[in-house]
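Numbering (this note's numbering), first residue to last: 116 to 423.
Ideal placement from N, C-alpha and C gives every residue a C-beta, glycine not left out.
These numbers come from a predicted model, not from an experiment.
Worksheet: the structure to be examined is printed underneath.
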């Protein structure tokens, strides 16, 4: 079968299509015939060398998100052949990722696909929406609390705004001026601001006492920690950009974990019309290198998706 792999690190040109063995599911696993696979910044981190070099003679697969149909199951599984599913293919640095014709995942990493979304849109849910919901859980906010989301027009930030709204949390979106209508209209942010040179000051211009929590999807780190009230909460999404402790603020790092039950809850929100997928562009699997090059260009809104 065909799969997207890299044998060295560098620019998007290192991304290639290889013929690899089709995987077989073991106990508690399902094999998915992939219909769509979203690209994420974590993929760029792998091919750019942010996670280190690739040993000579080896290759690594790309892709964390898939939507497709179960075509084989191992023993002790709850899914059946023919089920339409979405799944998170957890962790980079493996010979096979989700950007392939077939992928095997643990059943606890999968959920029934949302009926309202086509496969391309459905493939944007697993990594991005799970990151958003797990980040919100880490912040520990309650109904009526205030949340500022940086990078609010991005995939994680956008889902965070919508999920927070279902919890009764009051949200402020930080994004580019051109995204104001989208994040306040479609995504339902109650307040909007642009970060400018001082994002913390921009937030305190609306909430002088600071936000109860900040979800830092734009990785602003020290530049935005000042927007959190004394004793509030902040969550980072990258381990290399965590601000230091200050003013009793609880600092969290959200590193997404597979959660089929959590993913199922997100699917229910999607089918209720409460989550908005955003597909920027689709490419055939054969054009994977072009798709990865497009992903890292400026001005992209939504996810690039590969279609095997």
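| query | result |
| --- | --- |
| C-beta contact flag for residue 392 and residue 240 at 9 angstroms | yes |
| Assumed close pair residue 140, residue 188 - CB separation to whole angstroms, cut-off 8 angstroms | 6 angstroms |
| Residue 246 - DSSP class collapsed to helix/strand/coil | helix |
| Residue 128, buried or exposed, once every other Cβ within 10 Å from all chains shown has been counted against 16 | exposed |
| Reduced DSSP category for residue 306 - H, G, I as helix; E, B as strand; rest coil | strand |
| C-alpha gap between residue 195 and residue 379, whole angstroms | 16 angstroms |
| Per-residue burial, residue 412 [other beta carbons within 10 Å of its own, 16 or more giving buried] | exposed |
| Endpoints, beta strand (DSSP E) assigned at residue 148 | 144 to 153 |
| Identified DSSP bridge partners for residue 165 | Residue 165 is not bridged to any residue. |
| Ranges of the beta strand (DSSP E) found wholly within the segment 344 to 385, counting only runs of at least 3 | 365 to 368 |
| Pair within 9 angstroms by beta-carbon distance, residue 275 and residue 332 | yes |
| Alpha carbon of residue 407 to alpha carbon of residue 155, nearest angstrom | 9 angstroms |
| Beta carbon of residue 347 nearer than 9 angstroms to that of residue 365 | yes |
| Contact check, residue 294 vs residue 263, beta carbons under 9 angstroms | no |
| Terminal residues of the alpha helix (DSSP H) in which residue 276 lies | 270 to 281 |
| Distance, residue 400 Cα to residue 215 Cα | 8 angstroms |
| Integer-rounded CB distance, given that residue 217 should sit under 8 angstroms from residue 375 | With 8 angstroms as the limit, residue 375 and residue 217 do not qualify as a contact, their Cβ atoms being about 19 angstroms apart. |
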